[in-house]
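So the structure is just underneath, and the comments pick up after that.
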Amino acid sequence: MQSNQEGSRGLNILCIDGGGVRGLSSLIILQEIMRRVENARGGVTIHPHEYFDVIAGTGTGGISACMLGRLRLSVDKAIEEYVKLVKQVFQQKKMSGPAMYRQTKLQEALKTIIREATKNEGEKMSEGQDNKGCKTMAFAMARHHLNAGLPVLFRSYTVSSNPGPDCAIWEALCATMAHPDLFKSIDIVESSVPQSFVGGELGCSNPLAHVLAEVKRLYSDRQVACIISIGAGHSRTIQVPNPNRWYTYRTQDLVVMKDMATDSERVAEEMMLRFQDTSGVYFRFSVDQGVQNMNDGSWERLGETMQHTKAYLRKNETDRKLAESVRASMEKHGVISTTHAAGQISHLQDVTHTLAGFKRCPAPTMFYTGRQDENTQVIACITGGKNERRVCVIHGLGGVGKTQLVLNVIERTWDEWDYIIYVDASSTEAVEKALTEFGTAQNVGESCKDVIRWLESCGEHWLVVFDNADTPSTNIRQYIPTKSRGGSVLITTRLPDLARLAEGPGCICHLSSMSQADGTALLVKIASLGGQVIPGEDIETAGELVQASKREFDFGGLALAIVHAGAYISHSPGMDMTKYLSLFSSQRQRMLDEYNELPVTAKLDERGDTVYTTWRMCYDQLKPESRELLWLIAYLHYDGIIEDTFKRATQSIHSQKYPLPPTNLESQALDHVKRYLSTFLDADGKWDTIKFTRVMADLTSYSLIDFDRRNLTYRVHVLVHDWAKTVVSQASELAMECTATLLSLSIDRKEDAESLAFKRQLGLHVTSVLTHIPNMGANHVYYLGEVYECTGQWSQRVKLLQPLLGVFKQLLGEEHPDTLVSMGSLASTYSDLGRYIEAEQLQVEVLNAHKQVLGEEHPDALQSMGSLASTYSHLGRYEQAEQLQVEVLNARKKILGEEHPDTLVSIGSLASTYSHWCILQMEQAEQLQIEVLNARKRVLGEEHPDTLASMKSLASTYSCLGRYKQAEQLQVKVLNARKQILGEEHPHTLTSMGSLASTYSNLGQYNEAEQLQVKVLNASKRVLGEEHPHTLVFMGTLASIYSRLGRYKQAEQLQVEVLDANKRVLGEEHPHTLISVNNLASTYSRLGQYEQAEQLQIEVLNARKQILGEEHPHTLQSMNNLASIYSHLGQYKLAEQLQAKVLDAHMQVLGEGHPHTLIFMNNLASTYSHLGRYEQAEQLQVKVLNTRKQVLGEEHPHTLVSMGSLASTYSNLGQYNKAEQLQVKVLNARKRVLGEEHPDTLVSMKNLASTYSCLGQSDTAKELTHKATIIVERTLSG
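Spelled out as structure tokens, the structure:
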């Protein structure tokens, strides 16, 4: 399935230059590439059209591209046809005319090739909509519009805009070959109009730039894995002999050739510059010697072309590039976007995409060797059960090759699966993270449980891989779907006990040492990477090495050890197999002596995992600076290691200020880290990426560390990571302190977008260091806590800040600035966790100290005052909040100016308080929020966290003002930005998601609202906890949605739970608690439990009048709800008094068209109707209905309520025909929008039945009543 598997892999692109007879060299180079690919895949034949997503070319390169892509020939067959074509076309020259060769010969040769491949010489170039595989392009130029920047594309596929000519393949190829000095132009008739074309080589002999632009057009949302550009050889200036008639023609040929080649290399240079900062993507091949004086028509020199090309392929540099291109194209990891490849580079977007993205299934190593029996067994197991779930467990020693076996199996069965979920099973956290990210990406859920349930019910074929399930405490069983119609599970583990989870034939695969033959083949393959040819005697020695090491040391059969041994031999000049065997043997006693000193985690079986010997040998070959880097990495998390950590730490070496004098240990570590990181500075004191990359390359060359090209991070194998701690030359205490120092140096306290994005990547590294140093020093905690703030891990942050505050109080004193900063940070985190009372206590203490020490108008004092005001607002004490916020705002305007970021924060906070506090101040809040938003956009940019916060606040005010569409637009924008910048489950992202769900509900989009709110609630429970205020708000909102969907019992259950929690957490009179009481009362009313509803609503109304005031929106809402209950109880006069009061307040402040005003107007009209004042009721209801149609649309639930109410009034007035028309419309709309079983639909059914009775249509009325009764009974029984 394109959308699930192919879409996640990078594109492979092949582009072939033109070059006459020299074009043969392009095919020979491609032949070598395909041979290497086939060898790496076990000798399976692979054609270029199966391997590349796009094949393009111009001139003779266009012919090659079409043979390989459009005609689907193998490379060997294409070379055969190319040689025949060159001989047939270029053997005989014309003696007159401007063109040197006959176009008729070219046409005949092309038609022959096409006829043999397709049985139809007139086969069309475009395959239309049937082209689902490789896309083929050939280029030509419009004869009467010779602009090198605008070639014409002949495509094998259709496009919606600017299509090329719809012609036969032979016509397209004649067009791309029609250089004016070689062949005459060709006319192609389209829509009865002939168009004349000349060769694409005329100014476009290397069409790669145009190819990449077309790829972006075709695959705008895809990534590029590999671009292979093949030239036809370099050219040099030709000295022409004395002119005569014969040489006149030869000169034409040579000049044409040189112009084309010069253009090719110019574009090649441009491409090199374009991709200079993105390694491992763009590969250029072109024979550099021997073809300089070879003419386009020199058919007799084909053998010479082949020899020069073979010599070029034997060069070390060419061999290295070939190996890299094969690796990149086989792995198919998307490295850069098609937009980037096309030259439209947006660095910020690429970085954000990288941060927000999640890991895909890796490709197997290109050097995978052997294990044929195990491959067959595993493939048979996981693909054999067509309608049953299979679980295959692969267990064995660490480093034996379990993961690579699985990745190879996946590669070979790729087309069997609709979904592949690759899970790092090294810990419970990692498993749940991977499953959750898959659920988010596929929109199937927001938790691992959601994904498991989806897999159990999914009818498509899926494969879940739990890799490295080596931690006994991780219960893998709970993550395996219990049933499935077409799914399979693969588990790799060092734990034999997990074999109990296996299900199905051949489901347990114990992977032991590689066979001697397989081990030897793998060792030789890796050792020959450096371009050296392994002689026969060395191959025999390799077999001896594998067998001897297997017998004596029991690790030669470990694939990981063999790879390292081969890498060591390949990387070390002068090292051969015999010498390596001798060196290795001398390490035996040393390894046996050192084994007892290894950590428990390294002792994988009773005999010992002596792969550490190979690692030690590789380590000993490292440069000193590479070893030191490994020491620092050893205590970071083993994955997600980025250059930016080292760069930022280096740049802050002299500027980072720690709050306490360093301890002796901290001083040693700081000195060591400063000295080491300074080696990565250039002469100007700037970070030197090249030096850092060189050191990393040293580590990667020995396979001690890997570069993840998809996520642009470094990764250490978990075993190597554990082992690396044992080779650090420093005491472990100092080594751990050095890594902590590296991290704390890299972290600043800034809040710009770049700094926040960086800190969000450090979560696992901070956790790793804290695991090793549970009692981390205060100097480091001061900075590490910033990371948990950015990642939203507030509980972890509290655990850091509480002891930090105690240390600062003890060593610095109660009123020291750093003590107060820490106290403020802890208070802020308490607030994030909903612990507002604790936050208030600390903030009052901080504010009093700041006032006393610094003065009332000091920036720190104002900051403290603003924080306390925010807590008052959270506690519902809006008047106290307003007083403080006004004071802070006035001071900041005076001291800092109108547009200082701190001033804007104050304006936004005050506006937020207004929007929560009083309906009369909504418009004032809106004006302030617009002012803040515009200023923040101007000063901070569109996606700064503060700008997004302003946008969210304004959206909330729009929602309060009933302008739901405006609210939705802003909320969608904020949500998308926060997902991209913060991630799906950051608390701020969840808040945005919850706000959008509420707006969907207000817009009547209840199903969308429910889906989003369930997602938010589950994530909030997981991230923030069951009783966090945000979780309770989300729960309450979901209950309201259930109520609007008519699912009152579900609503009641949630509302009772929310109310109890709010009372316990926030107190009886907190605004959120009162909202909970109000919502539960409304649900009781809908359930017909009016007495209970009345008691609760009176309780809420009195509390709100006292706390919020008479005209607060929540007070008016309570008044309206109580009036509704009075109406249900038949106390219409009481209802009328309350409703009139509520309506007057809303009309005065919000106007007639506000949604809330219309609700209250409709309610009052209903009461008029109950009182028999039908004309008054009709007047109000017509006004409400017309406004709602205009503002909300014909089928919004509120519009349908108005229509039903007016119909009821018409019925009371005896206007039954009018009533019937409206009621039929309401019933049909509710069936469509809400479903037949919704209570509102059933009410509409009964109302219409009553009207039919009044019209004398008794049978119709009985039929409709009977239908409603059946639905009710079915619903109650269900």
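With the UniProt record's numbering applied, the sequence shown corresponds to residues 1 to 1278, in that order. Don't be surprised by glycine CBs; every beta carbon is placed ideally from N, CA and C.
Could you tell me which uninterrupted alpha helix (DSSP H) segments, each at least 4 residues in length, are contained entirely in the segment 777-833, listed from first to last along the chain?
The DSSP assignment places 778-791, 794-812, 817-832 as complete runs of the alpha helix (DSSP H) inside the segment 777-833, in order along the chain (cut-off: 4 residues).
Please work out which residues of its chain come closer than 7 Å, Cβ to Cβ, to Gln-1050, disregarding the five sequence neighbours upstream and downstream, and give them in chain order.
For Gln-1050, where only same-chain residues beyond five positions count, the Cβ hits under 7 Å are Tyr-1042.
Please state whether DSSP places Met-100 in a helix, a strand or coil.
Note: Met-100 maps to coil in three-state DSSP.
Neighbourhood of Gly-280 by C-beta distance below 7 Å, restricted to the same chain and skipping five residues each side:
Taken in chain order, the residues that qualify are Glu-324, Ala-328, Val-335, Arg-709.
Would a C-beta distance cut-off of 8 Å place His-1070 and Leu-875 closer than the cut-off?
Going by C-beta atoms, His-1070 is nearer than 8 Å to Leu-875.
Put Met-1161 into one of helix, strand or coil per three-state DSSP.
Per DSSP, reduced to three states, the secondary structure at Met-1161 is helical.
For Arg-320, does the count of other Cβ atoms within 10 angstroms reach 16, so buried, or fall short, so exposed?
Burial call: exposed.
Buried or exposed: which applies to Met-271, given that a residue is buried once 16 or more other Cβ atoms fall within 10 Å of its Cβ?
So Met-271 counts as buried.
With a cut-off of 8 Å on the beta carbons, I'd call Leu-743 and His-765 a contact; round off their distance for me.
That belief holds up - the Cβ atoms of Leu-743 and His-765 are roughly 6 Å apart, short of 8 Å.
Thinking just about the alpha-carbon of each residue, which of Thr-913, His-461, Val-393 is nearest to the one in Ile-877?
The sequence shown places Arg at residue 877, rather than the Ile named in the question. For the set Thr-913, His-461, Val-393, the Cα lying nearest the Cα of Arg-877 is the one of Thr-913.
What is the rounded straight-line gap between the Cα of Pro-207 and the Cα of Gln-307?
When the Cα atoms are used, Pro-207 and Gln-307 turn out to be separated by approximately 26 Å.
Please name the residue in Ser-161, Val-159, Cys-738, Met-141 whose C-alpha comes closest to that of Val-152.
Ranking Ser-161, Val-159, Cys-738, Met-141 by CA distance to the CA of Val-152 puts Met-141 first.
Does the distance from the CB of Pro-945 to the CB of Leu-756 come in under 8 Å?
It is a contact, given that the beta carbons lie within the stated cut-off.
Under the DSSP definition of a beta bridge, which residues are partnered with Thr-58?
BP columns for Thr-58 point to Phe-139.
Which runs of the alpha helix (DSSP H), 4 residues or longer, sit entirely within the segment 425-463?
Runs of the alpha helix (DSSP H) inside the segment 425-463: 428-442, 448-457.
For Pro-661, which three-state DSSP category applies?
Pro-661 falls in the coil class under three-state DSSP.
Given a cut-off of 8 Å on the beta-carbon distance, is the pair Phe-154 and Ala-175 in contact?
A Cβ-Cβ contact shorter than 8 Å links Phe-154 with Ala-175.
Can you tell me the Cβ-Cβ gap for Glu-882 and Ala-935, rounded? I've got them flagged as a contact below 8 Å.
Glu-882 to Ala-935, Cβ: 21 Å. No contact.
Own chain partners of Lys-1021 with C-beta closer than 7 Å, once the 5 adjacent residues on each side are dropped
Answer for Lys-1021: Thr-1031, listed in chain order.
Looking at the C-beta of Gly-231, does it have a partner C-beta in chain D at a distance below 8 Å?
Although the question refers to chain D, the structure presented lacks it and comprises just one protein chain.
Would you report the Cα separation of Ser-1124 and Asn-1102, rounded to the nearest angstrom?
Spanning the two alpha carbons is a distance of roughly 17 Å.
Of all the options Thr-1187, Val-905, Tyr-1216, Gly-1214, which has the alpha carbon lying nearest to the alpha carbon of Ser-1202?
Ranking Thr-1187, Val-905, Tyr-1216, Gly-1214 by Cα distance to Ser-1202 puts Thr-1187 first.
Nearest-angstrom Cα separation, counted from Ala-209 out to Thr-369:
The C-alpha of Ala-209 is placed about 37 Å away from the C-alpha of Thr-369.
Counting only the same chain and skipping the five closest in sequence on each side, list residues whose C-beta sits under 8 Å from that of Gln-880.
Within the same chain, and ignoring the five residues on either side of Gln-880 in sequence, the residues whose Cβ sits closer than 8 Å to its Cβ are Ala-869, Tyr-872.
Whether Ser-426 touches Asn-375 by CB criterion (8 Å)
Taking 8 Å as the Cβ cut-off, Ser-426 and Asn-375 do not qualify as a contacting pair.
According to DSSP, is Ser-229 part of a helix, a strand, or is it coil?
It is a strand residue.
Under the assumption that Ala-56 contacts Met-125 (Cβ atoms under 8 Å), give the Cβ distance between them as a whole number of angstroms.
Not really, about 13 Å apart at Cβ, beyond 8 Å.
How far does the beta strand (DSSP E) with Phe-680 in it reach, from first residue to last?
No beta strand (DSSP E) contains Phe-680, which DSSP labels as neither H nor E.
What number of angstroms, rounded off, separates the C-alpha of Trp-631 from the C-alpha of Ser-998?
Cα to Cα, Trp-631 sits roughly 51 Å from Ser-998.
Roughly how many angstroms separate the alpha carbons of Gln-1176 and Ala-1165, rounded to a whole number?
When rounded, the distance between both Cα atoms is 7 Å.
6 Å Cβ shell around Leu-1129 - same chain, five flanking residues per side excluded
Contacts found: Tyr-1090.
In chain order, what residues of the same chain have a beta carbon less than 6 Å from the beta carbon of Thr-645, not counting five sequence neighbours either side?
Apart from sequence neighbours up to five positions away, the residues of its chain that approach Thr-645 with a beta-carbon distance below 6 Å are Ser-746, ordered along the chain.
Residue nearest to Cys-198 in terms of C-alpha spacing, selected from Gly-122, Asp-706, Glu-190, Ser-185:
Note that residue 198 corresponds to Val in the displayed sequence, not to Cys. Scanning Gly-122, Asp-706, Glu-190, Ser-185 for the CA closest to the CA of Val-198 turns up Ser-185.
From what residue to what residue does the beta strand (DSSP E) around Ile-13 run?
Taken as a continuous stretch (DSSP letters only), the beta strand (DSSP E) holding Ile-13 covers 11-16.
Three-way DSSP call (helix, strand, coil) for Ala-168 in this model
Ala-168 falls in the strand class under three-state DSSP.
Might you give, ordered along the chain, the residues of its own chain that have their beta carbon closer than 8 Å to the beta carbon of Asn-1078, omitting 5 neighbours on each side?
Scanning its chain for C-beta atoms nearer than 8 Å, with the 5 sequence neighbours on each side dropped, one finds around Asn-1078 the residues Leu-1096, Gln-1097, Val-1100, His-1114, Gln-1117, Ser-1118, Asn-1121, in chain order.
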